[in-house]
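Just so we're aligned, residue 169 is where the sequence shown starts under the working numbering, counting upward by one. Following: one structure in structure tokens, then a few remarks.
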Amino acid sequence: MVSIMTNKTTSSSALAAQTIWVISDGTMGMEVQSLGLAESLSEDVRLIHVKPGSLMRAFPRLAKMGACPMPSSLKDAIKSHGMPDIVITTGRRHAPLSMMMRRYGKGHIKTIHIQDPRMPADWFDWLVVPSHDHLRGDNVLVTLGSLNRMTTLMSKKQDLPDAVTNMEGRKIVALIGGSNRRYQVHDQDYARFGQTLADLAAMTEASLILIPSRRSLVSTRSAMTSALADTNHWWWDGTTPNPYPWILTAADAIVVTADSVNMTSEAASMGKPVYVAELKPESGRVKMFHKTLQEGGYTESIDQISFYHFFLHNDKRLDETTRIANILAERMGLNSES
169 MVSIMTNKTT
179 SSSALAAQTI
189 WVISDGTMGM
199 EVQSLGLAES
209 LSEDVRLIHV
219 KPGSLMRAFP
229 RLAKMGACPM
239 PSSLKDAIKS
249 HGMPDIVITT
259 GRRHAPLSMM
269 MRRYGKGHIK
279 TIHIQDPRMP
289 ADWFDWLVVP
299 SHDHLRGDNV
309 LVTLGSLNRM
319 TTLMSKKQDL
329 PDAVTNMEGR
339 KIVALIGGSN
349 RRYQVHDQDY
359 ARFGQTLADL
369 AAMTEASLIL
379 IPSRRSLVST
389 RSAMTSALAD
399 TNHWWWDGTT
409 PNPYPWILTA
419 ADAIVVTADS
429 VNMTSEAASM
439 GKPVYVAELK
449 PESGRVKMFH
459 KTLQEGGYTE
469 SIDQISFYHF
479 FLHNDKRLDE
489 TTRIANILAE
499 RMGLNSES
């Protein structure tokens with residue numbers, strides 16, 4: 169199945185002449201990074217939904233040698249729309265699709281792959297990897313956090329729920345994640361987090377706005393209900409359009425759970441105080457990511473906050489998407505001045 173979206177946005181490096189394909193299997197956390205970069209580079213962005221074949225998933229390096237059949241949905245996209253100028257993919261399982269398109273384009277398609285593909289860097293034109301990955305090279309660009317669509321999305325006005333706009337006083341937005349490949353989050357973890365938020369609201373005399381993610385448990389709200397009983401709060405319950413990320417504009421401060429690099433990066437792009445709370449202890453690359461952002465002054469650990477300085481304005485904005493897009497535009501000769 170192919171889903172094609174032509175996006176007409178404007179950015180400093182946009183070139184109407186360049187057609188960019190974002191090739192994705194629909195995994196949102198990866199797709200949003202590719203779209204964010206694509207929209208920052210060009211006005212003509214097409215989202216192509218492709219499921220990698222079983223052979224490609226099992227033996228991804230075969231795509232470099234032309235030994236994997238091209239998915240029929242990708243063939244259909246090429247037949248209908250011709251070849252793109254640039255292909256952007258994110259995540260290891262999409263790397264073979266990038267290599268396949270580069271081989272098919274015979275020098276006419278530039279490939280940009282986000283995250284470490286666990287393959288030689290010179291099999292791609294450009295790689296964009298987070299600093300907590302160790303891959304480096306002449307065609308490798310390193311980011312502090314994940315790329316996102318915040319600039320594009322924030323340019324589109326979105327009305328906030330009445331319950332939020334009618335809230336008086338200061339507001340804390342809590343972005344709530346959940347289980348992942350590293351660990352499982354349980355009701356008691358959410359209950360403990362709910363108590364942390366309740367204590368925070370009481371000390372700062374603030375209202376709470378709670379936004380669960382796709383990975384939050386169905387029981388997350390009930391697990392936190394008891395702790396939040398005495399607070400002024402509003403939950404997004406999934407029955408109305410998701411107010412994220414526009415809800416962040418209403419925040420005087422943001423609390424985000426540490427499990428999501430994407431949510432943390434998006435929160436840090438707002439230029440507001442951002443506090444990170446662990447549902448479970450982090451380790452490895454994710455722990456290193458949070459350490460880097462805290463040392464850079466973009467976030468703070470919720471365990472080290474001072475209630476007296478909680479709402480102090482943070483002028484630092486983490487906008488790696490625009491920075492990387494500008495570097496790529498210059499190096500690929502896509503600047504509008506060129």
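Here a beta-carbon is modelled for each residue, glycine too, at the ideal position from N, C-alpha and C.
Under DSSP, the beta-bridge partners assigned to lysine 339 are Ser375. Here the alpha carbons of alanine 331 and threonine 195 stand approximately 31 Å from one another. In the displayed model, aspartate 483 falls within coil according to three-state DSSP, outside both helix and strand. Annotated as proximal: isoleucine 470 and threonine 364, with beta-carbon spacing under 9 Å. The alpha-carbon separation between leucine 461 and methionine 267 amounts to approximately 32 Å.
Rounded to the nearest whole angstrom, the CA to CA distance from aspartate 405 to methionine 198 is 24 Å.
Counted as a single uninterrupted DSSP element, the alpha helix (DSSP H) harbouring lysine 459 occupies residues 452 to 463. If you ignore the 5 residues before and after serine 192, its C-beta comes within less than 8 Å of the C-beta of Met198, Glu199, Ser202, Leu215, Ile216, His217, Val218, Thr257, Thr258 and His262, all in its own chain and listed in chain order. If only uninterrupted beta strand (DSSP E) runs of at least 3 residues are considered, those enclosed by the segment 277 to 360 are 278 to 282, 294 to 298, 308 to 311 and 339 to 344. For arginine 270, the secondary structure class from DSSP, reduced to helix, strand or coil, is helix. Its chain contains Asp355, Tyr358 and Ala359 as the residues whose beta carbon lies nearer than 6 Å to that of alanine 391, once the 5 sequence neighbours on both sides are disregarded; these appear in chain order. Residue range 240 to 249 is occupied by the alpha helix (DSSP H) that includes aspartate 244. Between leucine 378 and the set Pro285, Leu385, Thr372 and Arg389, the nearest pair of CA atoms involves Arg389. Residue environment analysis places alanine 421 among the buried positions, since at least 16 neighbouring C-beta atoms fall within 10 angstroms of its C-beta. The count of Cβ pairs closer than 8 Å, one atom from the segment 331 to 350 and one from the segment 407 to 417, reaches three, so the stretches are in contact.
When DSSP assignments are scanned along the segment 364 to 445, the uninterrupted stretches of beta strand (DSSP E) that are 3 or more residues long and fall wholly within it turn out to be 375 to 380, 401 to 403, 421 to 425 and 442 to 445. By the Cβ criterion, the segment 344 to 351 is not in contact with the segment 309 to 326, since fewer than three pairs of Cβ atoms, one from each stretch, lie closer than 8 Å. Of the candidates Ala235, Glu498, Gly439 and Lys243, the residue whose Cα lies closest to the Cα of asparagine 482 is Gly439. If you check the CB distance, proline 285 and tryptophan 291 come in under 9 Å. Per DSSP, valine 200 lies in no beta strand (DSSP E); the unbroken alpha helix (DSSP H) holding it starts and ends at 196 to 209. For leucine 230 and leucine 205, the gap between their C-alpha atoms comes out near 27 Å. With contacts defined by Cβ atoms closer than 9 Å, isoleucine 277 and valine 297 do not form a contacting pair.
In this structure, the straight-line span from the alpha carbon of asparagine 316 to that of alanine 397 is close to 34 Å.
The beta carbon of alanine 366 is closer than 6 Å to those of Ala395, Leu396 and Thr399 in its chain, skipping five residues each way along the sequence.
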